[in-house]
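Structure, as structure tokens:
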Amino acid sequence: MVSTPNGTITAPSLARPNVAGRFGEFGGQYVPETLMPALSELAAAFHEAYPHPDFQRTLQQLLKDYVGRPNPLYFAERLTAHYARPNGTGPQIYLKREDLNHTGAHKINNALGQVLLAQRMGKRRIIAETGAGQHGVATATVCARFGLQCVIYMGVHDMQRQALNVFRMRLMGAEVVPVEAGTGTLKEATSEAIRDWVTNIETTHYILGSVAGPHPYPMIVRDFHAVIGQETRRQCQEKWGGLPNILLACVGGGSNAMGLFHAFVEEPSVRLMGIEAAGQGVLSGKHAATLTQGRIGVLHGAMSYLLQDEHGQVLEAHSISAGLDYPGVGPEHSYFKQSGRGEYDSVTDEEALAGLQRLSRLEGIIPALETAHAIAYLETLCPQLSGNPRIVINCSGRGDKDVQTVANALQATEFSSL
Numbered sequence: 001m002v003s004t005p006n007g008t009i010t011a012p013s014l015a016r017p018n019v020a021g022r023f024g025e026f027g028g029q030y031v032p033e034t035l036m037p038a039l040s041e042l043a044a045a046f047h048e049a050y051p052h053p054d055f056q057r058t059l060q061q062l063l064k065d066y067v068g069r070p071n072p073l074y075f076a077e078r079l080t081a082h083y084a085r086p087n088g089t090g091p092q093i094y095l096k097r098e099d100l101n102h103t104g105a106h107k108i109n110n111a112l113g114q115v116l117l118a119q120r121m122g123k124r125r126i127i128a129e130t131g132a133g134q135h136g137v138a139t140a141t142v143c144a145r146f147g148l149q150c151v152i153y154m155g156v157h158d159m160q161r162q163a164l165n166v167f168r169m170r171l172m173g174a175e176v177v178p179v180e181a182g183t184g185t186l187k188e189a190t191s192e193a194i195r196d197w198v199t200n201i202e203t204t205h206y207i208l209g210s211v212a213g214p215h216p217y218p219m220i221v222r223d224f225h226a227v228i229g230q231e232t233r234r235q236c237q238e239k240w241g242g243l244p245n246i247l248l249a250c251v252g253g254g255s256n257a258m259g260l261f262h263a264f265v266e267e268p269s270v271r272l273m274g275i276e277a278a279g280q281g282v283l284s285g286k287h288a289a290t291l292t293q294g295r296i297g298v299l300h301g302a303m304s305y306l307l308q309d310e311h312g313q314v315l316e317a318h319s320i321s322a323g324l325d326y327p328g329v330g331p332e333h334s335y336f337k338q339s340g341r342g343e344y345d346s347v348t349d350e351e352a353l354a355g356l357q358r359l360s361r362l363e364g365i366i367p368a369l370e371t372a373h374a375i376a377y378l379e380t381l382c383p384q385l386s387g388n389p390r391i392v393i394n395c396s397g398r399g400d401k402d403v404q405t406v407a408n409a410l411q412a413t414e415f416s417s418l
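Read in the UniProt record's numbering, the sequence shown has 182 at position 182, and its numbers run on one by one without any break.
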């Protein structure tokens with residue numbers, strides 16, 4: 001047991017997940033029997049390949065020369081000054097610049113690792129789901145790089161919101177399949193990708209894009225994104241010789257947050273904070289604040305928190321950010337919430353848009369709408385802090401994909417002041 005600024009928590013086990021693929025009571029494999037051999041094959045391939053020197057040599061070389069890692073840990077001087085107290089003290093704010101990766105988001109880390117696994121398993125057809133389009137772009141990119149067939153499932157509503165990314169995927173040779181069911185967003189796209197996988201399991205690898213889904217996906221996606229936190233840890237040592245006080249990241253499925261958090265989970269002095277999408281408000285019924293308002297249930301093969309009604313039916317999620325518009329969350333985040341190791345809160349669409357404008361005007365960095373949720377939370381967090389704590393925010397993606405959505409929203413609401 002350890003103490004944190006918010007009370008007493010249980011230190012998570014070093015073995016996450018356990019041999020049953022669970023993080024505490026969360027995770028597991030709630031899937032059709034036909035998927036079990038593929039999940040077992042994937043877990044075996046990952047455990048054989050990931051620690052192997054040849055696999056790591058190839059992965060690290062591609063992360064360096066193709067993705068452009070390491071990306072900077074940038075001190076946001078003017079954003080820091082914005083939150084300084086009258087006496088000049090205040091939180092010191094740093095941005096981990098995942099937006100500078102090739103394709104413009106953290107998603108490339110996982111897509112690259114999984115396509116290397118697919119090659120080792122002899123799978124030449126790749127499928128994926130995408131919401132904001134960044135995972136789809138990353139998957140299409142690595143499939144083009146390695147000459148693999150690529151099929152991306154995407155909700156029709158998300159295709160409208162992310163038309164630029166749809167064009168990018170098709171330009172790189174991917175087939176983008178519109179999913180019209182339900183709300184036409186990420187939940188339906190994920191369901192359709194799973195149906196494809198069940199049908200074509202002998203020839204196809206499913207590159208799941210977040211730390212969600214059945215075991216071993218939450219573990220695999222987390223470990224391929226762990227490079228974010230590993231680099232951050234080294235860069236903190238280089239810049240001030242210590243650890244950060246707070247890690248802050250947006251949470252939809254939760255992949256960028258888990259990638260940042262993983263290297264610091266066993267450091268009780270480091271607060272792990274995830275920010276969900278409150279949409280039009282958590283009491284409005286139009287939000288995606290799964291950990292804030294959800295209940296425990298099963299979605300897409302894993303037990304976790306999810307948005308559901310009193311009959312257990314999954315509710316529609318809403319966010320101005322297509323990447324956060326998902327009614328579930330990765331099971332390890334649920335474990336962190338339940339154990340108290342992670343702290344989770346939410347910000348509204350309007351607050352996220354204000355955060356996006358604030359970072360754009362103060363630092364010349366236009367973040368993705370997902371990242372803007374973490375930026376916006378500084379308005380709540382900074383007044384609560386004392387001294388000069390160091391905050392690292394994961395700038396998980398760049399904002400050019402969201403420019404039209406932001407322009408439409410700002411024209412509609414006319415809130416544009418800092």
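We put the CB at the ideal spot given by N, CA and C, even for glycine.
Whole-angstrom Cβ separation of residue i and residue j, contact assumed at under 8 Å?
{"i": "GLY274", "j": "GLY297", "result": "About 19 Å; that fails the 8 Å criterion."}
{"i": "LEU116", "j": "LEU59", "result": "6 Å"}
{"i": "SER210", "j": "SER255", "result": "4 Å"}
{"i": "LEU385", "j": "PRO91", "result": "5 Å"}
{"i": "TYR153", "j": "VAL177", "result": "5 Å"}
{"i": "ASN109", "j": "HIS262", "result": "12 Å between Cβ atoms; not a contact."}
{"i": "ASP349", "j": "GLN280", "result": "6 Å"}
{"i": "ALA278", "j": "ALA374", "result": "Not quite, the Cβ-Cβ distance comes to about 13 Å (not below 8 Å), so this is no contact."}
{"i": "HIS82", "j": "LEU362", "result": "6 Å"}
Where does the unbroken alpha helix (DSSP H) through residue i begin, and where does it stop?
{"i": "ARG161", "result": "156 to 161"}
{"i": "ILE207", "result": "Here ILE207 belongs to no alpha helix (DSSP H), and DSSP marks it neither H nor E."}
{"i": "PRO53", "result": "53 to 62"}
{"i": "PRO331", "result": "331 to 339"}
{"i": "THR190", "result": "186 to 199"}
I want to see whether chain D comes within less than 7 Å of residue i, judged by CB atoms only; does it?
{"i": "ASP54", "result": "Among the protein chains of the structure shown there is no chain D, as only one such chain exists."}
Taking the Cβ atom as the reference point for each residue, do residue i and residue j lie within a distance shorter than 7 Å?
{"i": "ALA376", "j": "GLU351", "result": "yes"}
{"i": "ALA181", "j": "GLU129", "result": "no"}
{"i": "ALA105", "j": "PRO214", "result": "no"}
{"i": "CYS395", "j": "GLU202", "result": "no"}
{"i": "VAL151", "j": "GLU175", "result": "yes"}
{"i": "GLY340", "j": "LEU272", "result": "no"}
{"i": "THR185", "j": "ASP223", "result": "no"}
{"i": "ILE220", "j": "ALA111", "result": "no"}
{"i": "LEU291", "j": "VAL329", "result": "yes"}
Between the options, which has its C-alpha nearest residue i's C-alpha?
{"i": "SER346", "options": "HIS333, ALA288, PHE46 and ARG222", "result": "ALA288"}
{"i": "ARG234", "options": "ASN408, VAL31 and VAL392", "result": "VAL392"}
{"i": "GLY147", "options": "GLY328, TYR326 and LYS123", "result": "LYS123"}
{"i": "VAL198", "options": "PRO32, ALA368 and GLN384", "result": "PRO32"}
{"i": "GLY253", "options": "LEU306, VAL282, TYR206 and ARG271", "result": "LEU306"}
{"i": "ARG22", "options": "PHE264, PRO218 and ARG361", "result": "PRO218"}
{"i": "VAL251", "options": "ALA368, LEU243, VAL314 and PRO216", "result": "ALA368"}
{"i": "GLY399", "options": "ASN388, ARG390, GLU379 and GLU370", "result": "GLU370"}
{"i": "LEU95", "options": "THR380, LEU381, GLN404 and ILE365", "result": "ILE365"}
{"i": "VAL156", "options": "PHE336, LYS337 and ALA132", "result": "ALA132"}
{"i": "ALA407", "options": "ASP325, LEU353 and GLN237", "result": "LEU353"}
{"i": "GLY355", "options": "LEU378, THR141 and HIS135", "result": "LEU378"}
{"i": "GLU267", "options": "ILE246, SER284 and ALA15", "result": "ILE246"}
{"i": "LEU73", "options": "HIS102, THR232, ALA38 and ASP196", "result": "THR232"}
Answer with buried or exposed for residue i, where buried requires no fewer than 16 other C-beta atoms within 10 angstroms of its C-beta.
{"i": "ALA44", "result": "exposed"}
{"i": "LYS64", "result": "exposed"}
{"i": "ASP309", "result": "exposed"}
{"i": "VAL2", "result": "Low per-residue confidence applies at VAL2: pLDDT is 30, beneath 50, and the placement is therefore not dependable, though the value from the model is reported in the following sentence. Classification of VAL2: exposed, given that the 10 Å Cβ count is below 16."}
{"i": "GLY7", "result": "Confidence at GLY7 is low in this model, with a pLDDT of 39, below 50, so the placement of that residue is unreliable and no value is reported for it."}
{"i": "GLU276", "result": "buried"}
{"i": "LEU79", "result": "buried"}
{"i": "VAL19", "result": "exposed"}
{"i": "GLN114", "result": "buried"}
{"i": "GLY229", "result": "buried"}
{"i": "ASP54", "result": "exposed"}
{"i": "LYS401", "result": "buried"}
{"i": "SER40", "result": "exposed"}
{"i": "PRO17", "result": "buried"}
{"i": "ASN165", "result": "buried"}
{"i": "SER417", "result": "Residue placement at SER417 cannot be trusted, given a pLDDT of 47 that sits under 50; the coordinates are not used to answer."}
{"i": "SER269", "result": "exposed"}
{"i": "GLN162", "result": "buried"}
{"i": "ALA11", "result": "Unreliable placement is indicated for ALA11, whose pLDDT of 44 sits below 50; the coordinate value is still reported in the next sentence. Exposed is the call here."}
{"i": "THR405", "result": "buried"}
Which residues mark the beginning and the end of the beta strand (DSSP E) in which residue i is found?
{"i": "ALA78", "result": "As written in the sequence, residue 78 is Arg, which differs from the Ala given in the question. Here ARG78 belongs to no beta strand (DSSP E); instead the alpha helix (DSSP H) covers 77 to 82."}
{"i": "LYS96", "result": "92 to 96"}
{"i": "GLU276", "result": "271 to 279"}
{"i": "CYS236", "result": "Careful: CYS236 lies outside any beta strand (DSSP E), inside the alpha helix (DSSP H) at 227 to 240."}
{"i": "ILE246", "result": "246 to 250"}
{"i": "LEU306", "result": "302 to 306"}
{"i": "ALA376", "result": "ALA376 -> not in any beta strand (DSSP E); alpha helix (DSSP H) instead, spanning 369 to 376."}
{"i": "ARG125", "result": "125 to 130"}
{"i": "ASN388", "result": "Run containing ASN388: none; DSSP gives neither H nor E here."}
{"i": "ILE296", "result": "295 to 299"}
{"i": "GLY253", "result": "Per DSSP, GLY253 belongs to no beta strand (DSSP E) and is neither H nor E."}
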